[in-house]
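Here the protein sequences come in this chain order: B and U. If you want our numbering, it's the position in the first sequence, counting the first as 1, plus 484. If you want our numbering, it's the position in the second sequence, counting the first as 1, plus 6.
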Amino acid sequence: MRVTQNMLTQQFLYNLSNINQQISQDQEEMSTGKALNEPSDNPLAVSQDMAIQATLSQTTAYQSTINTALSWMQNSSTSVQSIISSLQSIQDNVNEALNATSSSPAQLQSLADVTQQLVDQINNDADTQQGSQYLFGGTQVTTAPTSMPPGVLVNQSAFDDAGVGTGTGGVTQSSGTSTIVSSLSDPDQLLQSGQSYSLVFDASSIGSDGSIQSGTITLEAAGVTVASATIPSGTALGASITLQAVSGSGTMQLSLGDMFEVSPSAKSGMSYQQTDTITPTNGFASDINFQVSKDVNVPVNLTAAQMFRTVPTSGTSDLQSTLTQTVSDLKTMATDLQSSNSQGDQGDLTNLQSDLSNLTANLNQVIDMNAELGSRIQSVTAIQTQMSQYSNTLTDQQNNLVNANMAQVITKFSTDQTVYEAALQMGAQVLLPTLVSYLPSS
Amino acid sequence: MGTSTFLTLNIGVSAIEAMTQAESVVGNNIANANNTSYAQETAVLGEGLPYEITPGTSISQGVDVTSVNRDTDSFLIQQDRANQGAYQMYSTHSSGLSEIESILNEPSSNGLQNSLDQFFSAWQTLTSSSSDPAARQTVISQAQTLAQTFEGATTQLEQLQANLNNVVYGSSSYTPGTGELTDVSGTTSSTGTGNAIASDVEVLNSPQSSTDNLHILFTASPNSSGTTSYTVQLEDSEDPPQAIGPAVPVTGAGTYQLGSSSGVLVSAQIADPSTLLPSSYTTGDTYTQTDAVTPPGGELQELNGYAYQVEQLNQQIKTEQSLNQSVDPLLDQRDQILDSMANLANISYTTQSDGSVSVQVGNASLVSSSGVVTPLSEADVASQVTSGTMKGNLDSSSDTGTVLGQLNSFLQQFAQSVNAIQQQGYGTNNPSSKAPPLFSVSTDADGNTVLSLADEPGTSTPVDAGDVAASGEPNQPGDNSNAQAMVALQTDASAYQNGTFDQGIAQVVSSVGVEASAVSSSEETANALAQQSSSMRDSVSGVDTNQQAALLVQYQNSYDAAAKLISVYDTMLQSLISMVPS
Chain B
485 MRVTQNMLTQ QFLYNLSNIN QQISQDQEEM STGKALNEPS DNPLAVSQDM
535 AIQATLSQTT AYQSTINTAL SWMQNSSTSV QSIISSLQSI QDNVNEALNA
585 TSSSPAQLQS LADVTQQLVD QINNDADTQQ GSQYLFGGTQ VTTAPTSMPP
635 GVLVNQSAFD DAGVGTGTGG VTQSSGTSTI VSSLSDPDQL LQSGQSYSLV
685 FDASSIGSDG SIQSGTITLE AAGVTVASAT IPSGTALGAS ITLQAVSGSG
735 TMQLSLGDMF EVSPSAKSGM SYQQTDTITP TNGFASDINF QVSKDVNVPV
785 NLTAAQMFRT VPTSGTSDLQ STLTQTVSDL KTMATDLQSS NSQGDQGDLT
835 NLQSDLSNLT ANLNQVIDMN AELGSRIQSV TAIQTQMSQY SNTLTDQQNN
885 LVNANMAQVI TKFSTDQTVY EAALQMGAQV LLPTLVSYLP SS
Chain U
7 MGTSTFLTLN IGVSAIEAMT QAESVVGNNI ANANNTSYAQ ETAVLGEGLP
57 YEITPGTSIS QGVDVTSVNR DTDSFLIQQD RANQGAYQMY STHSSGLSEI
107 ESILNEPSSN GLQNSLDQFF SAWQTLTSSS SDPAARQTVI SQAQTLAQTF
157 EGATTQLEQL QANLNNVVYG SSSYTPGTGE LTDVSGTTSS TGTGNAIASD
207 VEVLNSPQSS TDNLHILFTA SPNSSGTTSY TVQLEDSEDP PQAIGPAVPV
257 TGAGTYQLGS SSGVLVSAQI ADPSTLLPSS YTTGDTYTQT DAVTPPGGEL
307 QELNGYAYQV EQLNQQIKTE QSLNQSVDPL LDQRDQILDS MANLANISYT
357 TQSDGSVSVQ VGNASLVSSS GVVTPLSEAD VASQVTSGTM KGNLDSSSDT
407 GTVLGQLNSF LQQFAQSVNA IQQQGYGTNN PSSKAPPLFS VSTDADGNTV
457 LSLADEPGTS TPVDAGDVAA SGEPNQPGDN SNAQAMVALQ TDASAYQNGT
507 FDQGIAQVVS SVGVEASAVS SSEETANALA QQSSSMRDSV SGVDTNQQAA
557 LLVQYQNSYD AAAKLISVYD TMLQSLISMV PS
């Protein structure tokens, strides 16, 4: 092939431009420290990098959620510990009142006052806020837990506020706080949130063994019947009753609570009526779940509804009732002592004794809740550690994908530089002379 | 038979003349050594006519430059043009794709994906502080950022696409001018902006690919038979305007060619002249109106302009050839134009026996063998152009369209999924009823999808922090189940085209990356091939300075020798003459 000067020049410039492109690539990698600058640099690695970036962003978000979760749970735990220590003090006070019959009325009065203060303290703790959110309010984070509707928490879904019971023929209400319902299941959501209901229990005939011979149970909203059931003959307290909705096919199951007592000297013609107020919990008893990892939800809260409005399995009264009762019993005792009512003294001691046993059951319940919260803190802390390791791994992986291998790039750069300089040198030598330079001048 | 005494002298003179001519060819080669469109020329020396000395014996009468050859190889040129066209296509396409890449701005920490991640992170934060107004506001802000980031990319891509289409097709504009009515008495009045004289103005021929404004002058004037006759005239945009070509009489609506074939020639669809007259016009009046036209410019017009130039050169070459004149400079010029055309599109051409070339783009004839120029239409561009910068720009434009389409379907699915979850939940503005949608989907002027914050139902104010549906239960501000459902959307593996939304974006980016990387390596290959074929072409047609220097010396030596011959023969003649007694 004939080779012309122009070809040499073009070839030289073409090669020089190729080397320049290489050097420009080296320069880009060295000055950014990244091997991936455009998607076309390595499309597969770019899509992997983007996938890692997405996961990393999620991980960072999870880490922030975990931090909030931990701070929420630790604050809750601090408040619960404060409640526990207040409860222990109340226990001490009741013990002191029980064992100091000779003490003066003033002393008892002051015990009652101190206990009242401790109860106030407990209420304060129950209203602890994190930011503007109440820790123990369930999902009702903007309402103080102490102002939630009255009543005993029935299976998370409703509060049952005990009403006054009336009985005939030797039937009496077991206690002022006895509720019609001990547990309730409302799968068809007959109870609407924001609405208050009346549950009317009417045992028109009670057998001598205490079982109900005939009766009805009706759920009403503002005087309109929502659901009702006929109590089958022979139903004992604690039995389960199914209420049928008036409109539609919805049902609601409830278990009868320990409402009434039949006195030992029972007579015939026994009956018992009681009307309670049922309020849907509306989120007061709901868990707040934080997603701390993909598909891992951890409830971060304890609810005041659970703590104060649930009757412990080993006890007979929920914490709120117990506290109210204890304060009132202490005050009664002080009053009775002042009026030297020895009859009252004996009764007061029995009442306090029962308060003490209720308190112990309630305290154990709170301690159990705190322990359960502690185990949740532990598991979230474990997830936190794991998350931070995961994040490190992802970052390493991303660096491997994206970052330029400096040693390699620098080596490549010096090679390219050598080639470039050689090309320049060669160009300067080869492109200049032609035969014309050597022709005789004359 | 004897020989002429001066035959030898004449032979010497013929050698001196031939060498002078050959040196001129060498000189011309050296002078054009760096002219890229120049093909090296070679002086072909031939023996002079034979002269019979004795029967059966003859000697030549010296030497002649019988022809000057242009050193070209039509096969190599054709191959080189094809290769240059392919290289231009890949190179243009590659730079188009790298613009798309830079608009998508991935991988980076402030691109599309980041705005998506930040949006979901805001929801994740909301799950841990569902009633915190700041966390809610963050969701709204991130939703807005996301909408704006995507809109920014969409707008830039649309701009890019418009630019690319503009480069190929150009954009013309047409402005109707004001009319002037001169009545029978000679009073002139303006009649305001008239109707457009012409539509569909296409520049058929332009000396340069210029985008200078052109004017179309419409005149309605009374004629001798008492009716009105109409003419249209093409003018340039000088002040005062200079007419280009003759005024063309118009008899009715139709397509007319205006201008001159040696200057600017346009074809225009002229409206029915009677519709152009103002209502106040009565027979006998004279009405004139001048409209302004901006030719589209663009590669299409450039290519069509070249076609006209090729045709003009064809005519000149035919004429010169028939007159036996040298056509080499014209051939060089035409080759240069064909090179430029090959860089624009995939031209193929055939050289006719009369020296003219016919040019086709794909199956569309541009310059026919009978000398008819058919400008390439926009439809032809789409169907026939398969190479050159035009194809590169068209490919980039269609890739931009593809990315826009992918972003559109992504945004629609994204807005639909987010709104579906949002509307399942409850905000704090109206905690007892389901929340309004977060995004509203609309289309912009180019028909692409744009997201924005939806308006609160029944109002024109956009949704605010209180509308963010974190809660899955009515009247429970602390519930975060709906926010969790939203967070779960980020990792939902069937959210968009069998993947997550993040993967959807990564898919868009990496498909552009795959294509850019493929086109870039094709560009390298095409560049090497183009370099190779250009070398091959150069090795035939290029000027080798060494060779020319050698020829220079060689011809010089011949010249010297011929001069010596004359000198020697002169001495011989002197000897002969001196024998004659004085």
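Positions of the beta carbon are idealized from the N, C-alpha and C atoms, including for glycine.
Is the CB-CB distance between residue 422 of chain U and residue 440 of chain U below 8 angstroms? Position 416 of the second sequence holds residue 422 of chain U. Position 434 of the second sequence holds residue 440 of chain U. No. Outside cutoff.
Quick one, which of U:102, U:77, U:74, U:573 has its alpha-carbon nearest residue 529 of chain U's? Along the second sequence, read from residue 1 onward, the residue named residue 529 of chain U stands at position 523. Of U:102, U:77, U:74, U:573, the residue nearest in Cα terms is U:102.
Taking only the alpha-carbon atoms, compute the straight-line gap between residue 215 of chain U and residue 302 of chain U and give it to the nearest angstrom. Locating residue 215 of chain U in the second sequence gives position 209, counting from the first residue. Locating residue 302 of chain U in the second sequence gives position 296, counting from the first residue. Interpretation of residue 215 of chain U is limited by its pLDDT of 46, a score under 50 that renders its predicted location unreliable; the figure taken from the coordinates is listed afterwards. Cα to Cα, the separation comes out at about 10 angstroms.
I think residue 27 of chain U touches residue 69 of chain U, with their Cβ atoms under 8 angstroms apart; what is that distance to the nearest whole Å? Residue mapping note: residue 27 of chain U aligns to position 21 of the second sequence, counting from 1. Residue mapping note: residue 69 of chain U aligns to position 63 of the second sequence, counting from 1. About 10 angstroms; that fails the 8 angstroms criterion.
Using Cβ-Cβ distances below 7 angstroms, what residues of the stretch 553–569 of chain U are close to chain B? 555, 556, 559
Endpoints, beta strand (DSSP E) assigned at residue 455 of chain U: On the second sequence, residue 455 of chain U is found 449 positions in, with the first residue counted as 1. Where residue 455 of chain U is concerned, the enclosing beta strand (DSSP E) stretches over 455–459.
Neighbour list for residue 772 of chain B in chain U, Cβ cutoff strictly below 7 angstroms: Residue 772 of chain B sits at position 288 when you count from the first residue of the first sequence. By Cβ distance, chain U contributes 484, 486.
In terms of residue numbering, what span does the alpha helix (DSSP H) encompassing residue 493 of chain U cover? Taking the first residue of the second sequence as position 1, residue 493 of chain U is located at position 487. Segment 487–497, the alpha helix (DSSP H) holding residue 493 of chain U.
Same chain only: Cβ atoms within 6 angstroms of residue 817 of chain B, ignoring 5 sequence neighbours per side: Looking up residue 817 of chain B in the first sequence gives position 333. Taken in chain order, the residues that qualify are 592, 832.
Could you check where the beta strand (DSSP E) with residue 740 of chain B kicks off and where it finishes? Start at 1 with the first residue of the first sequence, and residue 740 of chain B comes out as number 256. Unbroken beta strand (DSSP E) run through residue 740 of chain B: 735–740.
State the Cα-Cα distance for the pair residue 559 of chain B and residue 761 of chain B, rounded to the nearest angstrom. Position 75 of the first sequence holds residue 559 of chain B. Position 277 of the first sequence holds residue 761 of chain B. Going by the C-alpha atoms only, they are around 33 angstroms apart.
Quick check: residue 540 of chain B and residue 882 of chain B, are their CB atoms within less than 8 angstroms of each other? By one-based count along the first sequence, residue 540 of chain B stands at place 56. By one-based count along the first sequence, residue 882 of chain B stands at place 398. Their beta carbons are under 8 angstroms apart, which means residue 540 of chain B touches residue 882 of chain B by this criterion.
Compute the Euclidean distance between the alpha carbons of residue 61 of chain U and residue 20 of chain U, then round it to the nearest angstrom. Taking the first residue of the second sequence as 1, we reach residue 61 of chain U at position 55. Taking the first residue of the second sequence as 1, we reach residue 20 of chain U at position 14. Each residue's Cα considered, the two are about 24 angstroms apart.
Strictly under 8 angstroms for the Cβ-Cβ distance: is residue 512 of chain U near chain B by that measure? Counting from 1 along the second sequence, the entry for residue 512 of chain U is found at position 506. Closer than 8 angstroms to some Cβ of chain B, the Cβ of residue 512 of chain U qualifies, so yes.
Would you give the residue range spanned by the beta strand (DSSP E) that residue 76 of chain U belongs to? As a working note, residue 76 of chain U is residue 70 in the second sequence. 69–76 is the span of the beta strand (DSSP E), which, as asked, contains residue 76 of chain U.
Contact with chain B by residue 522 of chain U, beta-carbon distance below 8 angstroms: Walking along the second sequence from the start, residue 522 of chain U turns up at place 516. Chain B, which has a Cβ nearer than 8 angstroms to the Cβ of residue 522 of chain U, makes this yes.
Does the beta carbon of residue 550 of chain U sit closer than 8 angstroms to a beta carbon anywhere in chain B? Translated into positions along the second sequence, residue 550 of chain U becomes position 544. Chain B contact via Cβ: present.
Helix or strand or just coil, what does DSSP make of residue 64 of chain U? Here residue 64 of chain U corresponds to residue number 58 of the second sequence, with the count starting at 1. DSSP places residue 64 of chain U in strand when its eight states are reduced to three.
Cβ separation of residue 742 of chain B and residue 669 of chain B, assumed to be a contact under 8 angstroms, to the nearest whole Å: Translated into the one-based positions of the first sequence, residue 742 of chain B becomes position 258. Translated into the one-based positions of the first sequence, residue 669 of chain B becomes position 185. With 8 angstroms as the limit, residue 742 of chain B and residue 669 of chain B do not qualify as a contact, their Cβ atoms being about 19 angstroms apart.
Out of U:482, U:88, U:497, U:291, state which residue places its alpha-carbon closest to the alpha-carbon of residue 543 of chain B. Here the question's residue 543 of chain B lines up with position 59 in the first sequence. Checked all of U:482, U:88, U:497, U:291; the closest Cα to residue 543 of chain B is U:497.
Comparing the C-beta of residue 815 of chain B with each C-beta of chain U, is any distance below 8 angstroms? The residue labelled residue 815 of chain B in the question sits at position 331 within the first sequence. Cβ-Cβ to chain U under 8 angstroms: no for residue 815 of chain B.
Hey, would you say residue 495 of chain U sits closer than 8 angstroms to residue 455 of chain U, going by beta carbons? As a first step, residue 495 of chain U is located in the second sequence; it is residue number 489 there, counting from the start. As a first step, residue 455 of chain U is located in the second sequence; it is residue number 449 there, counting from the start. No.
Is residue 644 of chain B closer than 8 angstroms to residue 663 of chain B when the C-beta atoms are compared? The residue labelled residue 663 of chain B in the question sits at position 179 within the first sequence. The residue labelled residue 644 of chain B in the question sits at position 160 within the first sequence. Cβ distance < 8 angstroms, so residue 663 of chain B and residue 644 of chain B count as in contact.
By the criterion of Cβ-Cβ separation under 7 angstroms, what are the contact partners of residue 133 of chain U in chain B? As a first step, residue 133 of chain U is located in the second sequence; it is residue number 127 there, counting from the start. Correct list: 549, 774, 775.
Consult DSSP for residue 644 of chain B and reduce its assignment to one of helix, strand or coil. Within the first sequence, the letter at position 160 stands for residue 644 of chain B. Strand, per DSSP.
Among residues of its own chain, excluding the 5 on either side of residue 533 of chain U, which ones have a beta-carbon nearer than 6 angstroms to its beta-carbon? Reading the second sequence from its first residue, position 527 is the one you call residue 533 of chain U. Here the set comprises 93.
Can you give me the start and stop residues for the beta strand (DSSP E) that residue 519 of chain U sits inside? Stepping through the second sequence from its first residue, residue 519 of chain U is reached at position 513. No beta strand (DSSP E) holds residue 519 of chain U; the alpha helix (DSSP H) holding it covers 507–547.
Option nearest residue 885 of chain B by Cα separation, candidates B:867, B:511, B:519, B:488: Translated into positions along the first sequence, residue 885 of chain B becomes position 401. Nearest C-alpha to residue 885 of chain B: B:519.
Complete runs of the beta strand (DSSP E) confined to the stretch 254–281 of chain U [at least 3 residues]: 260–265, 271–276
Taking 6 angstroms as the limit between beta carbons, can you name the residues of its chain near residue 699 of chain B, skipping five residues before and five after? Taking the first residue of the first sequence as position 1, residue 699 of chain B is located at position 215. The residues are 686, 687, 688, 715.
Beta carbon of residue 323 of chain U, beta carbon of residue 336 of chain U: below 8 angstroms? As a first step, residue 323 of chain U must be located in the second sequence, where it is residue number 317. As a first step, residue 336 of chain U must be located in the second sequence, where it is residue number 330. It is a contact, given that the beta carbons lie within the stated cut-off.
Taking residue 137 of chain U as the query, report the chain B residues whose CB atoms sit under 8 angstroms from its CB, ordered along the chain. Translated into the one-based positions of the second sequence, residue 137 of chain U becomes position 131. Near residue 137 of chain U (Cβ distances below 8 angstroms), the residues of chain B are 616, 617, 625, 626.
Within 10 angstroms of its Cβ, does residue 33 of chain U collect 16 or more other Cβ (buried), or is it exposed? The residue you call residue 33 of chain U lines up with position 27 of the second sequence. With fewer than 16 Cβ atoms within 10 Å of its Cβ, residue 33 of chain U is classed as exposed.
Looking at residue 723 of chain B: is its Cβ nearer than 8 angstroms to the Cβ of residue 740 of chain B? Locating residue 723 of chain B in the first sequence gives position 239, counting from the first residue. Locating residue 740 of chain B in the first sequence gives position 256, counting from the first residue. Against a cut-off of 8 angstroms, the Cβ pair of residue 740 of chain B and residue 723 of chain B comes out as a contact.
What is the DSSP secondary structure of residue 498 of chain B, counted as helix, strand or coil? Looking up residue 498 of chain B in the first sequence gives position 14. Correct three-state label for residue 498 of chain B: helix.
Are the C-beta of residue 123 of chain U and some C-beta of chain B separated by less than 8 angstroms? Within the second sequence, the letter at position 117 stands for residue 123 of chain U. Chain B, which has a Cβ nearer than 8 angstroms to the Cβ of residue 123 of chain U, makes this yes.
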